[in-house]
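See structure below.
Chains as they are written, first to last, in our numbering: chain A, 246 to 440; chain B, 19 to 353.
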């Protein structure tokens with residue numbers, strides 16, 4: 246199995262590292278690769294869109310020709326996980342977008358960018374997962390908020406009463422950063438989708 | 019909500035260093051107006067640095083350079099959705115507290131402004147907002163990290179459009195990191211002692227004026243509440259981490275003299291996580307194109323054909339200055 250991480254900007258190496266650790270932990274033979282070009286994208290059987298600046302990532306994906314191809318592959322069922330900026334890029338509707346900012350419009354959610362405020366309001370708090378009994382360390386950095394979950398998307402992660410993660414068939418979208426924690430449960434859950 | 023007590027933490031080291039990780043692979047652009055900030059965002063900048071004047075103009079104007087007018091910073095914060103950073107003078111706690119209260123996303127404790135303290139930098143652990151600081155070598159980098167900087171950048175020589183000092187600082191830091199690999203833990207400890215000496219400057223000066231022996235007293239705080247032994251211990255731990263990671267434990271950007279897409283690509287090739295571009299964009303003849311070209315060059319730094327493409331017919335880059343002819347060496351500010 247080859248898992249790609251969109252590597253145009255953001256916390257790319259953190260996801261690559263988390264995926265390596267997860268593969269070793271669950272005993273799955275696989276490779277993790279940095280994806281910046283179309284030919285690299287065609288090799289992968291799953292994809293992560295990392296955290297970073299969603300405006301920058303989506304622009305660079307458009308300029309690189311990755312944007313339309315990721316959208317097509319997502320529609321065809323390629324497993325894709327988006328964290329923070331990655332969730333914003335996956336979303337059907339985004340509030341607080343920059344002028345001309347494009348989104349993949351794959352995930353049936355409405356999200357608001359920088360919804361908790363600026364960096365001084367970034368926070369860590371335990372969250373709950375629908376698929377695991379113990380709390381998960383939620384790391385929210387200038388995080389977006391999921392305002393609406395509709396269509397085929399269903400909530401899988403919660404902070405207080407708020408939905409902070411959703412799953413929709415082949416797609417996972419999270420407002421927080423599992424790649425910055427030392428907890429691999431979410432990466433494990435994602436890899437299970439590929440198997 | 020029932021049995022699960024939710025404890026929300028803010029301003030943790032993980033959140034501050036995490037913020038810096040989110041700008042990796044990106045370009046942070048100096049801007050002095052709302053119009054420039056919008057140009058930067060549209061060109062794909064990951065963040066902007068809100069300033070009164072770009073470094074080249076600070077150099078030209080002379081006088082004391084201070085924190086920017088909060089009104090200007092606020093206007094820029096309101097105009098763009100990407101993070102907004104701003105600079106404070108080295109050691110100026112009050113400017114830093116003001117910018118934290120204003121809500122900037124990251125503070126640059128910067129040698130580009132006139133230093134406020136000749137003895138010490140800000141104790142950045144006391145803040146919730148993350149800081150980036152300049153460094154010329156491994157010693158400066160680990161001192162700033164020990165003080166709580168969530169991100170390091172080379173100092174280079176700001177406002178010159180001349181990459182030579184930034185290259186020098188990358189080389190000095192990188193070679194220092196490689197050297198650690200060959201040292202025993204005892205030798206690393208001695209390096210930590212050496213790197214901690216700048217914190218003694220005030221104490222030594224006072225003792226000298228009192229004709230007291232220049233020895234460090236066991237329980238004497240030499241910087242904030244820390245004794246010299248505590249500082250050495252902290253710096254030693256960071257050096258061991260650097261030795262094992264073979265890189266700095268925080269995000270490390272290039273800054274100070276980047277004026278062209280090829281300059282940016284050079285910095286990325288040398289292992290930098292991203293670049294700051296100060297005067298290089300808005301002192302060029304076509305800022306819109308230069309901004310996007312540098313963003314693309316950082317993204318494709320290892321693809322020379324892309325560097326050719328984005329460098330083609332860009333117009334005049336900023337004029338630039340020779341380092342030998344400068345009246346002020348900003349990089350020499352700070353300890």
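Glycine residues also receive a C-beta, built at the ideal position from the N, C-alpha and C atoms.
When you compare only the Cα positions, how much space is there between residue 74 of chain B and residue 307 of chain B? 20 Å
What residues are listed by DSSP as bridge partners for residue 126 of chain B? B:105 and B:150
Tell me which residues share the same chain as residue 356 of chain B and place their Cβ nearer than 6 Å to its Cβ, disregarding the 5 neighbours each side in the sequence. One cannot answer for residue 356 of chain B here, as it falls past the ends of chain B, which runs 19 to 353.
Please compile the residues from chain A whose C-beta is within a distance smaller than 8 Å of the C-beta of residue 43 of chain B. 252, 253, 254, 255, 257 and 297
Any Cβ of chain B within less than 8 Å of the Cβ of residue 368 of chain A? yes
List the residues of chain A that residue 118 of chain B touches, going by C-beta distances under 7 Å, in chain order. 365
Using a Cβ-Cβ cutoff of less than 8 Å, which residues in the same chain neighbour residue 371 of chain A once the five nearest sequence positions on both sides are dropped? 380, 381, 382 and 383
Cβ-Cβ distance between residue 36 of chain B and residue 422 of chain A below 8 Å: yes
Count Cβ pairs between the stretch 268-282 of chain B and the stretch 179-193 of chain B that sit closer than 8 Å; are there 3 or more? yes
Buried versus exposed call for residue 110 of chain B [16 or more other C-beta atoms within 10 Å across all chains shown]: buried
Segments of 4+ residues assigned as alpha helix (DSSP H) that fall wholly inside the stretch 195-237 of chain B: 203-214 and 219-227
CB-CB under 7 Å to residue 258 of chain A, same chain, minus the five flanking residues each way: which ones, in chain order? none
Under a three-way DSSP split, which group does residue 145 of chain B fall into? coil
Determine, for residue 390 of chain A, whether the minimum Cβ-Cβ distance to residues of chain B falls below 8 Å. no
Buried or exposed for residue 39 of chain B, going by 16 or more other Cβ atoms inside 10 Å? buried
Integer Cβ distance of residue 285 of chain B from residue 293 of chain B, believed to fall under 8 Å: 5 Å
Given a cut-off of 8 Å, decide if residue 48 of chain B and residue 69 of chain B are closer than it, judged by their beta-carbon atoms. yes
According to the neighbour-count rule (16 or more other Cβ atoms, all chains shown, within 10 Å of its Cβ), is residue 237 of chain B buried or exposed? exposed
In the DSSP output, which residue or residues are listed as bridge partners for residue 48 of chain B? B:67
Would you tell me roughly how many angstroms separate the C-alpha atoms of residue 198 of chain B and residue 209 of chain B, rounded to the nearest one? 9 Å
Using a Cβ-Cβ cut-off of less than 9 Å, list which residues of the stretch 83-116 of chain B approach chain A; keep chain order. 95, 98, 99, 100, 101 and 102
Just to confirm, is the Cβ distance from residue 367 of chain A to residue 28 of chain B under 8 Å? yes
Using three-state DSSP, classify residue 166 of chain B as helix, strand or coil. coil
Among B:338, B:102 and B:26, the one whose alpha carbon lies nearest that of residue 149 of chain B: B:102
Could you check the C-alpha separation between residue 224 of chain B and residue 241 of chain B for me, to the nearest Å? 13 Å
What is the DSSP secondary structure of residue 137 of chain B, reduced to helix, strand or coil? coil
Any contact of the stretch 297-306 of chain A with the stretch 319-335 of chain A, i.e. 3+ C-beta pairs under 8 Å? yes
Is the Cβ of residue 326 of chain B closer than 8 Å to any Cβ of chain A? no
Quick one: any contact between the stretch 136-152 of chain B and the stretch 88-101 of chain B, if contact means 3 or more CB pairs under 8 Å? no
Residues in the stretch 304-336 of chain A having any Cβ partner in chain B nearer than 9 Å: 304, 305, 308, 309, 329 and 330
Please state the DSSP three-state secondary structure of residue 399 of chain A. strand
Residue 190 of chain B: which of B:168, B:234 and B:157 sits nearest, CA to CA? B:157
Residue 7 of chain B and residue 239 of chain B closer than 8 Å at C-beta: An answer regarding residue 7 of chain B cannot be provided, because it is not within the stretch 19 to 353 covered by chain B.
Strand pairing of residue 370 of chain A, partner residues [DSSP]: A:383
Cα-Cα, which of A:305, A:339 and A:353 is closest to residue 400 of chain A? A:353
Classify residue 275 of chain A as helix, strand or coil using the three-state DSSP reduction. coil
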